[in-house]
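Each remark here refers to the structure printed beneath this line.
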Amino acid sequence: MYTGLDGLLGIIRYQLNHSPYDGNLYVFRDLSGTMIKYLEWDGAGFCLSKRRGRKSSARRTKK
-9 MYTGLDGLLG IIRYQLNHSP YDGNLYVFRD LSGTMIKYLE WDGAGFCLSK RRGRKSSARR
51 TKK
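Each residue of the sequence shown is one higher than the last, beginning at -9 in the numbering used here.
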C-alpha cells in the first residue's frame, strides 16, 4: 500500500462520499492483509499511522 495522506483523503471524499473531518477513524488495508493504515482527524490535524504484520489474519470477502 503506497497510498499516502492525500490519496487516502481522496478515497474518503470521492469513493466513500464522507468528509475526512468528521472525526471518524478510517482503516485501510492492502490486498494481502499485511499492512493496515489508520487515519483520523483529531480537530487539529490528521493522525496517520500504519501497522505491518507478518501474515494476513483477516479474510477478504469477495464482492
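Every residue, glycine too, gets a C-beta built ideally from N, C-alpha and C.
Remember, predicted model here, so these are calculated numbers, not experimental data.
Asked	Found
L15 - containing alpha helix (DSSP H), residue span	Element bounds for L15: not the alpha helix (DSSP H) but the beta strand (DSSP E), 15 to 19.
Limits of the alpha helix (DSSP H) - the one that L(-1) falls within	-5 to 0
Endpoints, the beta strand (DSSP E) within which S22 is located	No beta strand (DSSP E) contains S22, which DSSP labels as neither H nor E.
Residue burial classification, K40 (beta-carbon count within 10 angstroms, cutoff 16)	exposed
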